[in-house]
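Take a look at the structure set out below.
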Amino acid sequence: MTTPRANRSRHRPMHVFAAALLLAVSGTGALAQKASDLSGTWQTETAGSTVRIARCGGGYCGVIAATAGAGLDAQNPDPALRSRKLVGVQIMQAGTPSGNGFEGSLYNPNDGKTYSGSVTPKGPDTIEVAGCVLSVLCKRQTWRRIR
15 MTTPRANRSR HRPMHVFAAA LLLAVSGTGA LAQKASDLSG TWQTETAGST
65 VRIARCGGGY CGVIAATAGA GLDAQNPDPA LRSRKLVGVQ IMQAGTPSGN
115 GFEGSLYNPN DGKTYSGSVT PKGPDTIEVA GCVLSVLCKR QTWRRIR
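The following block contains the structure:
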């Protein structure tokens, strides 16, 4: 005859497994939420700049937070803007959801041009930023979240 106590201990592993599974799934959801939230300060691939990304409208905007060197917008096509400091300049407007990322435009202060582009989370603290010409020729960088 099985006692109630013996019966409970036989089912305990299933309860432990169910609790562990619930924790694992809820932890995965938190990671996925963090991965899809692009807000934060990001180090560019070349480590020459940091970009602060924040929600704006239905997507995200990115502003240069720090840069190495002179930090002037010297390549801007508008001569009146060539002497402005890059810190504070918006270089990203990613407002159109696409897959698990966003599409929009990216300003490249190295050549003064604005490209169509995308920002795609690759992990909780990693994003891929792509700037494209004619949506075919793309240059990609991996940025890492530092805050």
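Numbering (our numbering), first residue to last: 15 to 161. Beta carbons: idealized from backbone N, C-alpha and C, even for Gly.
Starting from the C-beta of residue i, find all residues in its chain whose C-beta is less than 8 Å away, skip the five residues before and the five after it, and write them out in chain order.
i           : result
residue 98  : 86, 87 and 90
residue 83  : 62
residue 102 : 77 and 78
Report the three-state DSSP secondary structure of residue i (helix, strand or coil).
i           : result
residue 112 : strand
residue 53  : coil
residue 94  : helix
residue 149 : coil
residue 58  : coil
residue 38  : Reliability fails at residue 38, whose pLDDT of 32 lies under 50, so the model's placement of it is uncertain and no value is given.
Rounded to whole angstroms, what is the Cα-Cα separation between residue i and residue j?
i           : j           : result
residue 77  : residue 133 : 14 Å
residue 138 : residue 50  : 8 Å
residue 66  : residue 141 : 13 Å
residue 74  : residue 117 : 10 Å
residue 100 : residue 126 : 11 Å
residue 124 : residue 158 : 20 Å
residue 156 : residue 135 : 10 Å
Quick check on the burial criterion: 16 or more other C-beta atoms within 10 angstroms. Buried or exposed for residue i?
i           : result
residue 108 : buried
residue 143 : buried
residue 120 : buried
residue 105 : buried
residue 52  : buried
residue 148 : exposed
residue 93  : exposed
residue 115 : buried
residue 72  : exposed
Note down, in chain order, each residue of its chain lying with its Cβ closer than 6 Å to the Cβ of residue i, except the 5 sequence neighbours on either side.
i           : result
residue 95  : 87
residue 64  : 55, 57, 79 and 80
residue 160 : 55 and 57
residue 152 : 144 and 146
Hey, is residue i's beta-carbon within less than 8 Å of any beta-carbon in chain B?
i           : result
residue 104 : You won't find chain B in this structure, because it holds only one protein chain.
Beta carbon of residue i: closer than 7 Å to some heavy atom of the ligand MG?
i          : result
residue 63 : For the structure depicted, the ligand MG is absent and the ligand set is empty, with no information on it obtainable.
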